[in-house]
Structures are given as C-alpha cells and as structure tokens.
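Visitor: Respectively, the protein sequence lines represent chains U and P.
Heads up, this note's numbering is the position in the first sequence plus 12, with the first residue counted as 1.
Heads up, this note's numbering is the position in the second sequence plus 12, with the first residue counted as 1.
In this text, a Cβ means the ideal position worked out from N, Cα and C, and glycines have one as well.
Remember, it's a predicted structure, so these values are computed and weren't measured experimentally.
Sending over a structure as structure tokens; questions will come in a sec.
Protein chains: 2
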Amino acid sequence: MNTQATPRERLLDAAGELFYRDGVNIGVDALCKAAGVSKKSMYQLFRSKDELIAESLASVGPGYQHALEPDAGDGLTPRERILAVFVKLDQQSRKGDFYGCPFVSTAFELKNPEHPGSVVARHFKQRLTDFFLGELVAARVDDPEGMAIQLTMAFDGASARAVVRAQALNGVGIRMAEALLDAAGVKAPELAGQAR
Amino acid sequence: MNTQATPRERLLDAAGELFYRDGVNIGVDALCKAAGVSKKSMYQLFRSKDELIAESLASVGPGYQHALEPDAGDGLTPRERILAVFVKLDQQSRKGDFYGCPFVSTAFELKNPEHPGSVVARHFKQRLTDFFLGELVAARVDDPEGMAIQLTMAFDGASARAVVRAQALNGVGIRMAEALLDAAGVKAPELAGQAR
DNA sequence: AAGGATGGAAACCGATCTGTTTCCAGACTC
DNA sequence: GAGTCTGGAAACAGATCGGTTTCCATCCTT
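This is the structure we're talking about:
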C-alpha cells in the first residue's frame with residue numbers, strides 16, 4: 013500500500029478495486045484492511061459504506077473513461093475512434109480479472125436505481141454515449157443519437173457476454189460495432205469530412 | 013403461499029423471485045420465510061445455498077425462455093420471430109420489477125464463473141443464441157453463428173441499458189435488432205420488401 | 001389405535017455484517 | 001515541553017450470515 017497517499021486516496025483505490033473484483037457486498041473490515049486504514053478513519057471520511065461505493069465509483073470513472081476513449085486530435089477518423097473503444101474492451105476481456113463494465117456491474121448488484129452508486133453508474137454510462145455521439149455527429153450520420161445508444165448497448169452486451177462466458181471476446185464486439193457503423197454509413201476515412 | 017405445492021417447489025419459486033429481485037446475497041432465513049419452509053427442510057432438499065441458487069435459476073430458465081421465444085410453427089418469418097424476442101424484452105423493461113436478464117444478473121453478481129449458478133446462466137444464454145441461430149439458418153444469412161452472437165449481445169446490451177437507466181427501453185433494443193437484421197439481409201423470405 | 005415419516009418453529013453455533021467507541025502512538029504547533 | 005491533532009488497533013454493539021440441531025405437531029399407513 014502506498015503510504016504517501018492520504019487515507020482517503022488509499023481507501024478510494026482499494027474500494028475501486030475490491031468492489032469491482034469481489035462485488036459491493038464485500039465487508040468494510042476487509043476493505044479497510046486492504047487500504048491500511050482504520051474503520052474509524054473510514055467513517056470519518058465517508059458517511060456510510062453506500063457513500064464510499066458511490067465515491068469510489070466516481071473516482072475510478074474518469075480513469076476508466078480515459079482508458080477506453082482515444083484522445084481528441086490524434087488524427088483518427090470518427091470510425092476509428094469509435095472502434096478503438098471496442099478494441100480496448102476486447103483487450104480487457106482477455107485478462108483474467110475482467111468482470112465487465114464496472115458501472116453496469118455495480119448497477120446490477122445494487123438493484124436500487126436510487127442508490128448513490130447507481131446514480132454515478134448512470135452518469136458515466138451516459139458519458140460513453142456522449143463520446144459516441146460526438147464522433148457520430150462528426151461523421152455526419154443520419155441519426156447520431158440513436159446510433160450512439162446502439163453502440164453503448166453493443167458495448168455493454170459484449171461486456172456481458174465476456175462475463176457470462178468467462179472468455180475473451182475474440183473480436184465479436186468489434187465486429188458488431190463494425191456492422192452497426194457500416195449500416196449507418198460510417199465508412200471511408202477520407203469521405204467522411206471530420207473537420208474540427 | 014401455495015400449500016398445495018411441495019416444499020421444494022415453494023422454495024424454488026421463492027428463490028427464483030427473491031434472488032432475482034434482491035440479489036443472490038439475500039439470506040436463507042428470509043428466503044425460507046418467504047417460501048413458508050423451514051431451514052431444516054431447505055438443507056435437506058439442497059446441499060447448500062449455492063446449490064439452491066443454481067437449481068432455482070435452472071427452474072426459472074425454461075419459463076423465461078418460453079416467455080421470450082415464440083412457438084415454432086406459428087407462421088411467422090424468422091425475422092419476425094427474432095424481433096419478437098426484442099419486443100418481449102421491451103415489454104419487460106416497462107414493468108417496475110425489471111432487473112435485467114436473470115442469467116446475466118446472476119453471473120455479474122456471482123463473479124466466480126465456476127459457481128454452479130454461473131454454469132446454469134451460461135447454459136441458458138447459449139440457448140438464446142441457439143434460438144437465434146436456428147432462425148438465421150432458416151433465413152439463410154451468410155454468417156448465422158456470428159449474427160446469433162451479435163443478436164445475443166444486442167439483447168443483453170439492451171437489458172443492461174434498462175437496468176442502468178432504470179427506464180423502459182422504448183424501442184431502442186428493437187431498432188438495434190432491426191439494424192443488425194437489415195445489415196445481414198434478413199427480410200421476410202416469402203414476402204418481398206416489407207417497410208417498417 | 002399405534003408407529004413412522006414429514007416438515008415447521010426456533011434455539012443454537014461461530015463467523016461476519018455495518019457502524020461506534022475507546023485508547024494510544026506519533027507528528028504538529030506554540 | 002505542553003497541548004493539539006491525525007489516525008491506526010481493537011473492543012464493542014446488535015443484527016444477520018450460512019448451516020445444524022432439537023423438539024413437536026401433523027399427517028399417512030396399517
């Protein structure tokens with residue numbers, strides 16, 4: 013454990029990993045032990061375990077997003093930038109510690125849509141949809157909103173498949189995204205004028 | 013509670029509902045109370061809670077499948093029979109007690125792919141894929157296996173969207189399936205051009 | 001009417017749950 | 001050096017966890 017980091021940072025890091033790997037039903041004792049933080053400190057920093065669930069999810073959100081979405085202005089076409097997300101998902105599914113999209117996983121586990129963690133999950137799923145939307149607008153497709161939703165569902169469906177089968181996706185998610193992009197006419201790099 | 017049913021049936025019924033609604037972490041005390049069965053009887057009928065999870069999932073599987081997939085020989089085209097699954101999912105997502113596909117939900121919660129419940133979940137997801145496959149073969153598409161996988165992912169992605177957003181799908185899953193079927197050239201075989 | 005099997009109610013076990021509290025070691029300021 | 005603050009270790013609380021056991025009422029069979 014990193015003793016340089018503050019107790020709060022250590023707690024958020026450990027929570028982000030353990031809630032994802034073991035589920036949100038992991039005990040506070042195990043969590044604090046992994047973080048090297050006392051329960052007293054934890055309950056001084058967070059009102060409840062539920063709040064820690066939400067805040068840890070919010071803290072891993074930007075990093076997860078950055079790991080999936082290519083940087084702006086990298087010279088890629090919208091199609092390539094969209095497909096890059098599915099390539100990253102494919103790579104993640106090959107690793108042994110893949111338990112699906114952490115937001116979807118948490119939402120499924122919490123059941124209650126009003127739980128603060130569910131609210132955070134909803135927020136970050138919307139941001140992925142918004143990323144797709146921006147690319148689709150740049151690609152000038154007919155129905156960018158509808159396509160962005162479909163790509164998000166393709167992402168979560170592929171993620172769910174990897175979880176249920178406990179296997180790597182081996183490109184099936186990428187091919188699904190390609191099929192949807194083909195159908196929407198998001199094709200040749202040069203033809204789709206992506207001015208910025 | 014139905015006193016006609018055997019303790020085993022009452023347990024499987026209650027487990028199928030409560031594990032889905034509250035998650036697999038619900039206690040066996042609450043479960044037995046809901047089923048009107050003593051813990052003693054429960055542990056005589058099932059070796060462990062984990063076994064009850066698996067068996068209750070296996071017991072709801074056929075019913076869930078039958079609720080989604082149209083009967084054979086109903087005069088519908090393969091395309092209509094495939095879309096009927098997504099229409100049913102859309103209808104389910106409108107109800108307040110929708111927590112996603114029970115197999116996907118259980119697999120996400122259990123995390124461990126070797127858990128007997130995960131094995132059952134995998135089995136029934138494969139049966140949905142097999143249903144799609146049969147229809148796609150009948151429709152003579154180019155890559156029926158790949159398309160069946162894509163439709164299954166579309167199903168689970170749509171289901172995940174309804175869970176994360178805690179909202180009805182309002183047709184977005186149906187439209188995604190239509191887009192995939194259109195791209196694969198699955199029209200009504202006997203009836204030419206069918207507009208939507 | 002007697003005997004055996006079924007199965008519910010509830011006590012019990014040790015472990016773990018979320019959350020609170022006490023105590024004390026170390027680092028800081030003044 | 002005295003006082004203050006942070007934060008870890010650990011006991012504690014009451015509830016619940018999965019699982020076992022005892023006891024007893026109700027059946028069915030004969």
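For Ala180 (chain U), which residues from the same chain have a beta carbon less than 8 Å from its beta carbon, with the 5 sequence-adjacent residues on both sides left out?
Guide: Taken in chain order, the residues that qualify are Asp102, Ser105, Arg106 and Ala174.
Visitor: Strictly below 7 Å CB to CB, what residues from chain U border Arg134 (chain P)?
Guide: Per Cβ cutoff of 7 Å: Val176 and Arg177.
Visitor: Given a threshold of 16 other Cβ atoms within 10 Å of its Cβ, counted over all protein chains shown, does Arg139 (chain P) qualify as buried or as exposed?
Guide: So Arg139 (chain P) counts as exposed.
Visitor: Using a Cβ-Cβ cut-off of 7 Å (strictly less than) and excluding sequence neighbours within five positions of Arg91 (chain P), which residues of its own chain qualify?
Guide: Counting only Cβ-Cβ distances below 7 Å, and skipping sequence neighbours, we find Ala151, Leu193, Val198, Lys199 and Ala200.
Visitor: Using a cut-off of 8 Å between C-beta atoms, extract the partners of Tyr111 (chain P) located in chain U.
Guide: In chain order: Phe120 and Lys123.
Visitor: Does the beta carbon of Arg173 (chain P) come closer than 9 Å to any beta carbon on chain U?
Guide: True, the Cβ-Cβ gap to chain U drops below 9 Å.
Visitor: Is the Cβ-Cβ distance between Val149 (chain P) and Ala66 (chain P) less than 9 Å?
Guide: No. Outside cutoff.
Visitor: Residues in its own chain within less than 8 Å of Gly182 (chain P) by CB, not counting five upstream and five downstream?
Guide: The residue you asked about is not Gly; residue 182 (chain P) is Asn in the sequence shown. Same-chain partners within the cutoff: Asp102.
Visitor: Can you list the residues of chain U that Leu192 (chain P) reaches, using a CB-CB cut of under 7 Å?
Guide: Per Cβ cutoff of 7 Å: Ala191.
Visitor: What three-state label does DSSP hand Arg208 (chain P) in the structure shown?
Guide: With a pLDDT of only 42 at Arg208 (chain P), under the threshold of 50, the placement of this residue in the model should not be trusted; the figure read from the coordinates follows. Three-state result, Arg208 (chain P): coil.
Visitor: Which term fits Asp109 (chain P), buried or exposed, when burial requires 16 or more other beta carbons within 10 angstroms of its beta carbon?
Guide: Exposed.
Visitor: Alpha carbon to alpha carbon, how far is Arg59 (chain P) from Val153 (chain U)?
Guide: Arg59 (chain P) and Val153 (chain U): Cα-Cα distance of roughly 56 Å.
Visitor: By Cβ distance below 8 Å, which residues in the same chain neighbour Ala166 (chain U) in space, the five residues on each side in sequence not counted?
Guide: The residues are Phe98, Gly185, Met188, Ala189 and Leu192.
Visitor: Please return the same chain residues whose Cβ sits closer than 7 Å to the Cβ of Ala160 (chain U), not counting the five positions on each side in sequence.
Guide: Closer than 7 Å at the Cβ level, and outside the excluded window around Ala160 (chain U), lie Thr141, Phe144, Leu145 and Leu148.
Visitor: Mind checking Ala42 (chain U): buried by the 16 CB within 10 Å criterion, or exposed?
Guide: Exposed, by the Cβ-count rule.
Visitor: Could you confirm whether any beta carbon from chain P is found closer than 9 Å to the beta carbon of Gln104 (chain U)?
Guide: Output row for Gln104 (chain U): interface = no.
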